[in-house]
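Peer 1:
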Amino acid sequence: AQSVTQPDIHITVSEGASLELRCNYSYGATPYLFWYVQSPGQGLQLLLKYFSGDTLVQGIKGFEAEFKRSQSSFNLRKPSVHWSDAAEYFCAVGAGSAGTALIFGKGTTLSVSS
Amino acid sequence: NAGVTQTPKFRVLKTGQSMTLLCAQDMNHEYMYWYRQDPGMGLRLIHYSVGEGTTAKGEVPDGYNVSRLKKQNFLLGLESAAPSQTSVYFCASSYRGAGGLQETQYFGPGTRLLVL
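Those protein sequence lines, which keep their order, are chains A and B.
The letter at position 103 of the first sequence is residue 84 when you use our numbering, and the numbering goes up by one with no holes.
To convert, count from 1 in the second sequence and add 1; that's our numbering.
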C-alpha cells in the first residue's frame, strides 16, 4: 500500500537560513508527488507538484523539491526562510487512479526564529 | 472565481445532534473529496465522488454520509454526532484527466467541528 513518511514532526530554522523538509514515499510505480502548506487556521495550499520529467521542480514562494527515485524521496527545500514561512507542511502522493485520495504524510511543523 | 468554499466555518454540536457540511466549487471539477484532519494524523479521506450522483467510501467513512446531487456541491452529513467526530473537515476537488490532473486537488478553508 502507498504511504508517505515525513520523519520530522517539528523543525525550527533561523530566519534567512536554508530549509530542507524530508519526505519518503512508498509506491510501486512512478508516483505523482505534492507538497502542500497549511498556515494556522487555513486550508491547504499547493506549493508544487511532480508528475514526470525534470526531477527538480519549482514551486511558489521560492520553494523547490527534488524527486529521487533511488531514495524514494521528494524533499522540499528553500534557500532562505522568511518568518512568514512558519506553517505546517504536508507531503502527499497520488495513486493515479480515478477519484482516489491523496495519501498524506503526517506533516512537519516549521517554526522560524528571529 | 472563489475556488472551493465550505460552510460553516465553525460549529459546536452536542452528542447525538445532526448536521450537514456544505462544500461548493466553481471550477467545474468532476471529482470531490471530504477529508478530516486530526492532530498528528495528517488528512484522512472520508468519502469521495467521481461525478454527479456518485459517491464512494474512503478510509474513515463510518458515521458519515454524503451526497452529490449537483456537480458543484458535495455535502457531508453527520446523522448522530459523537465526540470522536471532533475534527477539522476539509473539502477538496480536482479535474478529471490524465497526466496528474485528477491528482491535483484544491482545498477549501476547512470547517472546525466540536462535538460535546
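Even glycine gets a Cβ: it sits at the ideal position worked out from N, Cα and C.
Note that the structure is a prediction, hence the values are computed from the model and not measured.
Measure the alpha-carbon distance for isoleucine -10(A) versus phenylalanine 75(B) and round it to whole angstroms.
Peer 2: 32 angstroms
Peer 1: Name the DSSP bridge partner or partners of arginine 69(B)?
Peer 2: Answer is none; arginine 69(B) lacks a bridge partner.
Peer 1: In whole angstroms, give me the CA-to-CA distance for serine 81(B) and glycine 54(B).
Peer 2: Cα-Cα distance, rounded: 24 angstroms.
Peer 1: For the beta strand (DSSP E) that contains glycine 75(A), what are its first and last residues?
Peer 2: 68 to 75
Peer 1: Mind checking glycine 34(A): buried by the 16 CB within 10 Å criterion, or exposed?
Peer 2: Its Cβ having fewer than 16 others within 10 Å, glycine 34(A) is exposed.
Peer 1: Within the same chain, show all residues whose beta-carbon is closer than 8 angstroms to that of alanine -2(A), passing over the 5 residues directly before and after it, in chain order.
Peer 2: Ser61 and Val62
Peer 1: Going by C-alpha distance, which of Glu69(A), Lys87(A), Lys59(A) and Phe48(A) is nearest threonine 11(A)?
Peer 2: Nearest option by C-alpha distance: Phe48(A).
Peer 1: How many Å lie between tyrosine 107(B) and lysine 15(B) at the Cα?
Peer 2: 31 angstroms
Peer 1: Using the Cβ count rule (16 or more neighbours within 10 Å means buried), how would you classify arginine 41(A)?
Peer 2: For the sequence presented, residue 41(A) should be read as isoleucine rather than arginine. It counts as exposed.
Peer 1: Does DSSP put isoleucine 41(A) in a helix, a strand or coil?
Peer 2: helix
Peer 1: Would you check if the distance between the CB atom of leucine 79(B) and the CB atom of glycine 59(B) is smaller than 8 angstroms?
Peer 2: no
Peer 1: Would you check if the region 44 to 53 of chain B and the region 4 to 11 of chain B touch, i.e. whether three or more CB-CB distances between them fall below 8 angstroms?
Peer 2: no
Peer 1: Give the straight-line distance between the Cα atoms of glycine 111(B) and leucine 22(B), rounded to the nearest whole angstrom.
Peer 2: 10 angstroms
Peer 1: Would glutamate -4(A) pass as a contact of serine 95(A) if the rule is Cβ separation under 8 angstroms?
Peer 2: yes
Peer 1: Below 8 angstroms on the Cβ atoms is my guess for alanine 46(A) versus arginine 58(A); work out the distance and round it to an integer in Å.
Peer 2: 7 angstroms
Peer 1: With DSSP collapsed to three states, give me the class of glutamine -17(A).
Peer 2: Annotated three-state conformation of glutamine -17(A) is coil, per DSSP.
Peer 1: Which residues in chain A sit within 7 angstroms of phenylalanine 11(B), going by Cβ to Cβ distance?
Peer 2: Within chain A, no residue comes near phenylalanine 11(B); the closest Cβ sits about 10 angstroms away, beyond 7 angstroms.
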